[in-house]
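Written out below as structure tokens is the structure these notes cover.
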Amino acid sequence: MRIDFTVNGRPQEADDVWEGESLLYVLRERLGLPGSKNACEQGECGSCTVRLDGVPVCSCLVAAGQVQGREVVTVEGLADFARERACGTGACGTSLDEAKGWQAQGTDSQTGEGTELSPIQQAFIDAGAVQCGFCTPGLLVAADEMLERNPNPSDADIREALSGNLCRCTGYEKIMDAVRLAAARQSEGV
Amino acid sequence: MDFLRPASWEEALAAKAEHPAAVPIAGGTDVMVEINFDHRRPEYLMDLNRIGDLEEWEVGEESVRLGASVPYSKIMEHLRAELPGLALASHTVASPQIRNRGGVGGNLGTASPAGDAHPALLAAGAEVEAESVRGTRRIPIDAFYTGVKRNALAPDELIRAVHIKKADGPQQYSKVGTRNAMVIAVCAFGLALHPETRTVRTGIGSAAPTPIRAQAAEEFLNAALEEGGFWDNGKIVTPSVAKQFADLCAAACNPIDDVRGTASYRRHAVGVMARRTLTWTWESYRGAHRTTEGAA
């Protein structure tokens, strides 16, 4: 069957989708967006977390046919998504000098390489919250959504919001640091 | 496999009548796992996400009509006052991602003895609104679970909503697992005090082939509370009464040994949860009782 939906703000279509296929499979194997990771396929690990109409879900548990006409944000679109959200609050715009100095860099790949990072992504790097990196995309999407809802989370709020994302490397402490850092930067408007 | 996308409830009923083997999918948190692992290859998959009223709820005089696909996260957020037991149970479901998709309709459809909502529904009192092209009926929750992963639905029926009695007293929910998040219950216990009728109702999960009530325990406790005038005097429940209640709850179980726990552990844990939830709810009832007296 054919699925038309929006991914990271762009209309996408996937053809010859099998009826039992998951959204995760469509994203990774048909749309070339391998950021969302495939691990447990049963909603245990959270590494495939995406936003479906704004709501964080495990994309392995969404049937592809269910996303027809709906909006999906993956980790590849997180930076743009965060920027647009910030714009909504009036904190953006391109200065004249910036616009004049703009030139095509040839790095506008679909996987988001070479684009600016979202605040939560930068915080993960700065806090050393990335080790093997497999769980990172899911954690980024989940953490970003929490900070959108709850700009000043307590440690318990962070743990609760990230309780559906497993990490086997970090022991979670650096991840906690990263989310606290992103929250602090967000509240300072950095 | 065919993917059916009914745009309305009527279309869904018609499709289910035409293809009784069609598997409804809403949150997908059960169905997709089975498909991903090749445990199930339904001939037809029927998406219910397009039917908006399944995600709505209405708070009535006596009960809440909860649409089958209202996700657990909404129950936690909006129905904590009306359905405290179910809200607590919802909070123990898996993780935020799963709670954003899964709902009570799916829990009932799967009818796993370990489903988190069941003990809360049994304790509160509920009816399942099942519908087919033949008409609508309300199935009392006590008669809904018919076996391991079996329920009273006819092949052409779909769950439209659940009517759950609004709390008229304190309710509690307790669940045993290896950690707080992402846990299938080793066993679970729901308890609701119903001061209006001076009764207590229970629900036990994962400790019998189906979710069950501990009816002998309820009858014992109802009689003991009445006899001692506890509903009026607001005294603490006598430890011997609490112990007897716990023992009867444990005796109501018919558990098995499996990877999550042994039968004897489950029986023991249900007894402990029964005693604890009785203490918690009764303390809360006494607190409210004292407040009313103080204010009068």
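Protein chains in written order, with our numbering: chain Z, 54 to 243; chain U, 122 to 417.
No residue lacks a Cβ here, since even glycine has one placed at the ideal position from N, Cα and C.
If you draw a straight line from the C-alpha of residue i to the C-alpha of residue j, how long is it?
i              : j              : result
residue 161(Z) : residue 62(Z)  : The predicted model places residue 161(Z) with a pLDDT of 49, which falls under 50 and marks its position as unreliable, so this point remains unresolved.
residue 255(U) : residue 274(U) : 13 Å
residue 295(U) : residue 117(Z) : 35 Å
residue 373(U) : residue 100(Z) : 40 Å
residue 177(Z) : residue 232(Z) : 7 Å
residue 194(Z) : residue 137(U) : 36 Å
residue 55(Z)  : residue 179(Z) : 41 Å
residue 124(U) : residue 108(Z) : 23 Å
residue 243(U) : residue 283(U) : 12 Å
residue 386(U) : residue 213(Z) : 28 Å
residue 397(U) : residue 408(U) : 16 Å
residue 240(U) : residue 206(Z) : 32 Å
residue 326(U) : residue 378(U) : 15 Å
residue 155(U) : residue 218(U) : 18 Å
residue 70(Z)  : residue 148(U) : 20 Å
residue 209(Z) : residue 223(U) : 23 Å
residue 246(U) : residue 262(U) : 7 Å
residue 216(Z) : residue 93(Z)  : 15 Å
residue 371(U) : residue 228(Z) : 42 Å
residue 354(U) : residue 347(U) : 11 Å
residue 67(Z)  : residue 339(U) : 56 Å
residue 225(Z) : residue 191(Z) : 14 Å
residue 222(Z) : residue 235(U) : 31 Å
residue 401(U) : residue 182(U) : 26 Å
residue 345(U) : residue 330(U) : 29 Å
Got a sec, what are the start and stop residues for the beta strand (DSSP E) residue i sits in?
i              : result
residue 167(U) : 165-168
residue 125(U) : 123-125
residue 191(Z) : Careful: residue 191(Z) lies outside any beta strand (DSSP E), inside the alpha helix (DSSP H) at 189-202.
residue 193(U) : No beta strand (DSSP E) contains residue 193(U), which is instead part of the alpha helix (DSSP H) from 193-199.
residue 186(U) : 184-188
Leaving out five residues before and five after residue i in sequence, what residues of the same chain have Cβ atoms less than 6 Å from its Cβ?
i              : result
residue 221(U) : 192 and 194
residue 189(Z) : 183
residue 276(U) : 141
residue 231(U) : 151
residue 328(U) : 308, 374, 376, 387 and 391
residue 98(Z)  : 92 and 219
residue 382(U) : 307
Assuming residue i contacts residue j (C-beta within less than 8 Å), just tell me the rounded distance between them.
i              : j              : result
residue 128(Z) : residue 105(Z) : Not quite, the Cβ-Cβ distance comes to about 14 Å (not below 8 Å), so this is no contact.
residue 286(U) : residue 184(U) : 5 Å
residue 335(U) : residue 369(U) : 6 Å
residue 264(U) : residue 205(U) : Their Cβ separation, rounded to whole angstroms, is 24 Å, which puts residue 264(U) and residue 205(U) out of contact at 8 Å.
Leaving out five residues on either side along the sequence, give the residues of the same chain with a beta carbon under 8 Å from the beta carbon of residue i.
i              : result
residue 174(U) : 130 and 188
residue 177(U) : 188 and 191
residue 135(Z) : 171, 172, 173 and 197
residue 59(Z)  : 65, 123, 124 and 125
residue 144(U) : 152, 161, 163, 165, 166 and 167
residue 259(U) : 248, 249, 250, 251 and 284
residue 234(Z) : 176, 179 and 180
Which residues mark the beginning and the end of the alpha helix (DSSP H) in which residue i is found?
i              : result
residue 350(U) : Neither: residue 350(U) is in no alpha helix (DSSP H) and is coded neither H nor E.
residue 313(U) : It is not in any alpha helix (DSSP H) - residue 313(U) instead sits in the beta strand (DSSP E) that spans 308-315.
residue 102(Z) : Careful: residue 102(Z) lies outside any alpha helix (DSSP H), inside the beta strand (DSSP E) at 102-105.
residue 179(Z) : 172-179
residue 125(Z) : Premise fails: residue 125(Z) lies in the beta strand (DSSP E), 124-126, not in any alpha helix (DSSP H).
residue 98(Z)  : Element bounds for residue 98(Z): n/a, residue is neither H nor E.
residue 64(Z)  : Taken as a continuous stretch (DSSP letters only), residue 64(Z) belongs to no alpha helix (DSSP H), being part of the beta strand (DSSP E) at 63-67.
residue 138(Z) : 131-141
residue 150(U) : Note, residue 150(U): premise wrong, no alpha helix (DSSP H); not H, not E.
residue 370(U) : 360-373
residue 239(Z) : 226-241
Here's the rule I'm using: 16 or more other beta-carbon atoms within 10 Å means buried, otherwise exposed. How should residue i be labelled?
i              : result
residue 323(U) : buried
residue 141(U) : exposed
residue 332(U) : buried
residue 151(U) : buried
residue 299(U) : exposed
residue 158(U) : exposed
residue 416(U) : Residue placement at residue 416(U) cannot be trusted, given a pLDDT of 48 that sits under 50; the coordinates are not used to answer.
residue 140(Z) : exposed
residue 380(U) : exposed
residue 361(U) : exposed
residue 248(U) : buried
residue 227(U) : buried
residue 240(Z) : exposed
residue 272(U) : buried
residue 237(U) : buried
Please return the same chain residues whose Cβ sits closer than 7 Å to the Cβ of residue i, not counting the five positions on each side in sequence.
i              : result
residue 208(U) : 196, 197, 200 and 201
residue 96(Z)  : 111, 113 and 114
residue 233(U) : 270
residue 341(U) : 365, 366 and 369
Would you check whether the ligand GDP has a heavy atom nearer than 7 Å to the C-beta of residue i?
i              : result
residue 406(U) : Among the components of this structure there are no ligands whatsoever, and the ligand GDP is therefore not found.
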